[in-house]
Amino acid sequence: MGIVFIKIIVSLFFSIVTLYAQVKPKDILLIHSYHRGYKWSDDISKVFENRFEKHGDAYLTTVYMDTKQVATPLYFDRLFDLYDEKFKGRGFDLVVAVDNNALEFVMRYHEHLFKDLPVVFLGINNFDEAMIYENNMRSFTTGVVEKIDIKKNIDLILKIHPDLKKLMIINDRSRTGYAMKRDIFKVLPEYKDRFKFEYIDNMSIKNIKEKVRNLPHNTVILWVLLFKDKAGKFFTHKESLRQIREVTNRPIYGLWDFYLGEGIVGGILTSATAQAYSAIKMVNKILKGANPRKIPILKKSPNKYMFDYSELEKYNIHIPDDINIYKEINKPFSFYDEYKHLVWSVIAILTIISFILVLLIINVNRRKKGELALTNQLKFLAVLIDAMPNPINYKNLNGQYIGCNKAFADLLGKTKEEVLGKSVFDFFPKEWAKNQRDKDMELLRKKATDTFEMTLHLSNGTSRVMTYNKTVYTNIDGKIGGIVTVMDDITERNQQKQFLIQQSKLAEMGEMVGAIAHQWNEPLVELSAIIQDMEFSYSQGEMDKNIMRGFVNESMVQIQYMSQTHKDFRNFLKPSNKKVLFCAKKALDEVLEIIGKQVFYAHIKLSLTCKDDIVPVFGYENEFKQVLLNIINNAKTKITSTKKGKNISIHVESKKDEAFIKISDDAGAIESNIIDFIFDPYFTTKKNGTGLGLYMAKVIIEDKMNGKLSVYNYFDSVSFNILVPSKEE
């Protein structure tokens, strides 16, 4: 138990130590080359202090080498002794070196003072990366290069002062001053034809003041540095510039931002704060574990356009239009300038709100107009649907009627209000209603449409033959809403069609009577001969019981034949009541029994080929026979009247779920200008024709039997093709 407790205590201790190590603030050493009070150094310190005081994740220790006053090797050695004693026992996590002297000091004493510590530098002039590698410091070091852009500043001066004749450059002979002199003299040859220049770096402040006191109007001063004059007098960055600014009558441009506000107009200035912000980004990465070697050295100095409003106003200088991003100090307070982004944001927001309001007003007006138009359209549709003679209703998913027209309500003998909310079970017998509901559910499941014919038995005891057209409809959200049903009362139409069929049959009666005459001619001759034989046998005394039975049997054969012919004729005239399954070849044989003799006596060769023994057809048998009889009769009549052909051929076969019958004759093609009209009602080319035969044939095959009847010419022949279902649909 005690061992377990000790393990828990040890584990807790290490957890606390680990957590402390993770949250322990880092210790950063900031080494400045120059002194406190030097604006460049102070601006950098301010950025670092604000960053780490705000986040509280690091301690910042700042030291100043004061190398503007002294920068001898002996001085560096004494600084080493001082820092060695001062930092003894301090466990810094990172060193920041500001400006060249600080970086050189850190590299020289890195092994002794800052062993293995990462170093971030900034403000380095005339940077040579080889210096880092020669001191084996690249593994520990990264930073931000300070590069004064002399050329861009001279170009800016020329852009503002296009009549420039002379550029006076003021510098000192400090280490930074010499570095700047090298950069300046590299650039000046490019402008030798544009202006003259005077370079001053070895004069006392007194002589310089005399030099700049009354300069010509086309002269401009470029201020570099002046911390120490020829007389050995030291100045702060403010003191030297202010003395010159007080006596000169010409604008002064600078290279560093710490001179801004002290007398320079401005320029593309090297910014201490921009250098510091870039360096802090690198510091943050290293503190989070990044390798300094893998952080690229920022060799492009983050310089910025900066101007002093008071100096611009004094010399009536305007910032060039092509400079869009710049900083301007000492400008009188302007709400717009101070809160430009806010003003434009408010304007943008107000513009957007106004635009939205306009759009909303337009949209509201459109919606009002749309709603009015929709209301009018709905009223119109309601009137239109009510005016339609076809019964129309629509049901929801539960099978309840949610709408109907007047025709449907009248069909049920109800008002529209009495129909709404009810179902098919409320108006029709339960079994019939259940069957319809099951079909509706299947239709909803398939999201399909359905068309069928059905006899509707109404509550008043009457019945109507209706064609139903049902389709599934969807709501605006895409979900299924229910079923729309459009009904068509075809009771009278069917009766009329049946009347026309019978009328067509009656029109064929002349041919039928002639056919029966031909059919009965032979049996009548036979019966006449039998009677004469009976008389002769009787007169000769040869008549006995057996001979009489023979005469009777022969007579009965002829009489039965005549009776069958009469029966076939009567069946032909009788309409079929319902669809049945029958054989196409058998139907053809029965038709040929009626008309075959006429065809034979007209000297027409009729051939019948049947590819299959049984060719089933599902439909109305007698009406189908009427179609065959009509087409064969037409072919016979055409052959006998035109004297062109002598053949009628009939081909019968089964094709998948259909029966195919082809009836052809060789009595010449149908004229092209009438072939498209031969199925029209009352169209005929016969002298005394009714024009109903082929029309009714088309109605029977296509409307009643759901088949297809077509005609086409093939050279001098005509073929009628019939396709009808061979099984129940």
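When the count follows this note's numbering, it moves up by one through the sequence shown with no breaks and lands on 731 for the last residue.
Even glycine gets a Cβ: it sits at the ideal position worked out from N, Cα and C.
Nothing here was measured: the structure is a model prediction, and the numbers come from that model.
Sequence-distant Cβ neighbours of residue 27 in its own chain, meaning closer than 8 Å and more than five residues away, are 58, 59, 60 and 61. According to DSSP, residue 330 shares a beta bridge with 309. If you keep only unbroken beta strand (DSSP E) runs of at least 3 residues inside the region 639-713, you get 649-657 and 660-667. Nearest C-alpha to residue 124 among 136, 112, 111 and 101: 101. Counting only residues of its own chain and dropping the five nearest sequence neighbours on each side, residue 325 has a CB closer than 7 Å to the CB of 307.
When the beta-carbon positions are compared, residue 92 and residue 282 stay at least 8 Å from each other.
Residue 622 has its alpha-carbon roughly 12 Å from the corresponding atom of residue 701. Taking the Cα positions, residue 366 is about 51 Å away from residue 459. Excluding its 5 nearest sequence neighbours in each direction, residue 198 has C-beta neighbours in its own chain below 8 Å: 167, 168 and 169, listed in chain order. With fewer than 16 neighbouring CB atoms inside 10 Å of its own CB, residue 533 falls in the exposed class. In the DSSP assignment, residue 285 falls within the unbroken alpha helix (DSSP H) covering 274-289. For residue 583, same chain residues with a beta-carbon under 8 Å away, outside a window of 5 residues either side, are 618, 619, 620, 729 and 730 in chain order. Boundaries of the beta strand (DSSP E) around residue 609: 607-612.
Here the alpha carbon of residue 636 sits roughly 47 Å from the alpha carbon of residue 444. In this chain, the beta strand (DSSP E) harbouring residue 403 covers 403-406. For residue 292, the secondary structure class from DSSP, reduced to helix, strand or coil, is coil. Contact annotation: the region 184-198 does not touch the region 134-143, with fewer than three C-beta pairs closer than 8 Å. With fewer than 16 other beta carbons inside 10 angstroms of its own, residue 218 counts as exposed. In the displayed model, residue 544 falls within coil according to three-state DSSP, outside both helix and strand. In the displayed model, residue 603 falls within a helix according to three-state DSSP.
For residue 397, the uninterrupted beta strand (DSSP E) segment begins and ends at 394-398. A distance of 8 Å or more separates the beta carbons of residue 456 and residue 490.
Within the same chain, Cβ atoms closer than 7 Å to the Cβ of residue 587 are found at 612, 617 and 654, the five residues on either side in sequence being excluded. Bridge partners of residue 727 according to DSSP: 660.
Listed in chain order, the non-local C-beta contacts of residue 417 below 7 Å within the same chain comprise 411, local neighbours out to five positions each way being set aside. Look at residue 266 here: in three-state DSSP terms it is strand.
Take residue 439, set aside five residues on each side of it, and the residues of its chain with a beta-carbon closer than 6 Å to its own are 401, in chain order. If you ignore the 5 residues before and after residue 633, its C-beta comes within less than 6 Å of the C-beta of 665 and 722, all in its own chain and listed in chain order.
Considered as a whole, the region 54-96 harbours 75-88 as its complete alpha helix (DSSP H) runs of no fewer than 4 residues, in chain order. Residue burial annotation: residue 272 is buried, with at least 16 other C-beta atoms found within 10 angstroms of its C-beta. Between residue 78 and residue 94, the gap from beta carbon to beta carbon reaches 8 Å or more. Bounds of the beta strand (DSSP E) holding residue 466 are 465-476. When the alpha-carbon of residue 187 is set against those of 350, 201 and 196, the nearest one is in 201. Looking at the DSSP output, residue 715 bridges to 720.
Counting only the Cα atoms, residue 696 lies some 24 Å from residue 656. A Cβ-Cβ separation of about 5 Å places residue 593 in contact with residue 627 under the 8 Å criterion.
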